[in-house]
Amino acid sequence: AQSVTQLDSHVSVSEGTPVLLRCNYSSSYSPSLFWYVQHPNKGLQLLLKYTSAATLVKGINGFEAEFKKSETSFHLTKPSAHMSDAAEYFCVVTLPGPDSNYQLIWGAGTKLIIKP
Amino acid sequence: NAGVTQTPKFQVLKTGQSMTLQCAQDMNHNSMYWYRQDPGMGLRLIYYSASEGTTDKGEVPNGYNVSRLNKREFSLRLESAAPSQTSVYFCASTGTSLNYGYTFGSGTRLTVV
Chain A
18 AQSVTQLDSH VSVSEGTPVL LRCNYSSSYS PSLFWYVQHP NKGLQLLLKY TSAATLVKGI
78 NGFEAEFKKS ETSFHLTKPS AHMSDAAEYF CVVTLPGPDS NYQLIWGAGT KLIIKP
Chain B
2 NAGVTQTPKF QVLKTGQSMT LQCAQDMNHN SMYWYRQDPG MGLRLIYYSA SEGTTDKGEV
62 PNGYNVSRLN KREFSLRLES AAPSQTSVYF CASTGTSLNY GYTFGSGTRL TVV
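Listed below in C-alpha cells is the structure:
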C-alpha cells in the first residue's frame, strides 16, 4: 500500500539557519512526489514536484528537495530560513487510479516555526 | 484571475441541516476533487471526478454526495450534517497530466453544532 510519512509534526529553527523537513514514502509504483505549503488560514500552494526527471528539484521561495529512491525519501530543504517561511508543509505521493486518473496521498503535515 | 473558486468561505450549520459547497474552475481542467482537512491528519479525499460525467468515492465518502454539473463545476453536498463533519473543505482541480500538480481553492471552514 502507498503511504507518506512526515517524520516531524513540528520543526523549529532560527531565522537565517537551514531548514530540513523530512518525508519518507512507500509506493509500489514509480511515484511522483510533491511538496505543498499552507500559510495560516490560507489555501494550499504547490512548492515543488518530482516527476521522474532530475532527482534534485528546485521550487519556489528558495526551497529544494532531493528524491532518493534507495532511501525512499523526498526531504525538503532551504539554506536560510525567513520569517515568511512559517507555515505548514505537506509531502504528497501519487497513487494511480481508474481511468488513468491519479489520486494524491497526503502526509500529516509539518509545522515550520521560525524563531527571530 | 484563473483558478479554483469555492463558496462559501465560512458556514455554521446545526446538526441535521443540509448544505451544498460550490466549486468552480476556469482552467479547463478535466479532474476535480473534494478534500477535508482536519488537524494532524493532512488532507483526506472525499470524492473526485476524473472527467465530466463521472464521480468516484475517495477515502472518506460517507455522509457526502457530489455532482459534476459540467466541466467547470463540482459541488459537494451534506444531506444531514453531523458534528464529525466540522472541518475545512478544499476543492482542487488538475489537468490531464498530474505533472502540473493540483490547484486548490481557498477552502470552506464548516462548523456543525
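Residue numbers (the numbering used here), protein chains in the order written: chain A, 18 to 133; chain B, 2 to 114.
Where a beta carbon is used, it is the ideal one built from N, C-alpha and C, also for glycine.
It should be emphasised that the depicted structure is a prediction, and the values quoted were computed from it without experimental measurement.
Proximity to residue i [Cα-Cα], best of the options
i      : options                        : result
B:F75  : B:Q12, B:I47, B:G43 and B:F11  : B:I47
B:K58  : B:L70, B:Y36 and B:P40         : B:Y36
B:M28  : B:T21, B:A51 and B:S94         : B:S94
B:Y34  : B:Y49, B:T21 and B:A25         : B:Y49
A:H99  : A:G60, A:G79, A:T89 and A:A71  : A:G79
A:A104 : A:L129, A:A70, A:F84 and A:K85 : A:L129
is_contact[residue i, chain B] using C-beta, thresh 8 Å
i      : result
A:G124 : yes
A:K66  : yes
A:G60  : yes
A:L121 : yes
A:F51  : yes
A:L129 : no
Spatial neighbours of residue i in its chain, beta-carbon cut-off 6 Å, leaving aside the 5 residues before and after
i      : result
A:F107 : Y53, W123, G124 and G126
B:Q23  : T8 and S76
B:V89  : Q38, G108 and R110
B:F11  : R110
A:V30  : V36 and A98
Beta carbon proximity, residue i to chain A, threshold 8 Å
i      : result
B:L22  : no
B:S107 : yes
B:F11  : no
B:Y103 : yes
B:F91  : yes
9 Å Cβ cut-off: residues of chain A touching residue i
i    : result
B:G1 : Absent from the structure is residue 1 of chain B, since the part of chain B shown begins at 2 and ends at 114.
Alpha carbon of residue i to alpha carbon of residue j, nearest angstrom
i      : j      : result
B:L77  : A:T34  : 43 Å
B:R45  : B:F105 : 14 Å
A:F91  : B:T16  : 42 Å
B:K72  : B:G54  : 8 Å
A:V109 : A:V21  : 7 Å
A:L61  : B:N31  : 20 Å
B:S19  : A:F51  : 35 Å
A:H27  : A:K95  : 16 Å
B:A83  : B:C92  : 20 Å
B:E80  : B:Q86  : 11 Å
A:T72  : A:C40  : 15 Å
B:Y103 : A:P133 : 33 Å
B:Q26  : B:T6   : 6 Å
A:S87  : A:E81  : 19 Å
Chain B residues whose Cβ lies nearer than 8 Å to that of residue i
i      : result
A:Y91  : The sequence given here has Phe at residue 91 of chain A, not Tyr. Result: empty, since nearest Cβ-Cβ is about 14 Å, beyond 8 Å.
A:F107 : G43 and L44
Partners in chain B for residue i, counting only beta-carbon separations shorter than 9 Å
i     : result
A:L63 : Y101, G102, Y103, T104 and F105
Min CB distance residue i to chain E below 8 Å
i     : result
A:E83 : In summary, chain E is missing from the structure at hand, where the protein chains are A and B.
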